[in-house]
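Worksheet: the structure to be examined is printed underneath.
In full-length UniProt numbering, the protein residues as written are 1 to 70.
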């Protein structure tokens, strides 16, 4: 699990890669939960929260970039 501080220290490209990985993991976990037993149901929540954290940080970075140019 990555913390928000670690995510904020990442570059935009690293954030995008981490986001794509988390989305793929979430998809796999959802399919696994529907087809057979999911070993750790809490992983669904962790992945959703990680995706939300990354998207929030991306929005913050975009807003600060706009504020600096304006």
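Virtual Cβ for every residue (Gly too), placed ideally from N, Cα, C.
Burial check for residue 37: the Cβ neighbour count within 10 Å stays below 16, so the residue is exposed.
Take the alpha-carbon of residue 62 and the one of residue 9: they are about 15 Å apart. The three-state reading of DSSP puts residue 70 in coil, since its state is none of H, G, I, E or B. The Cβ-Cβ distance between residue 18 and residue 54 falls below 8 Å. Shown here for residue 48: not one same chain residue has a beta carbon closer than 6 Å to its own, the five before and five after excluded.
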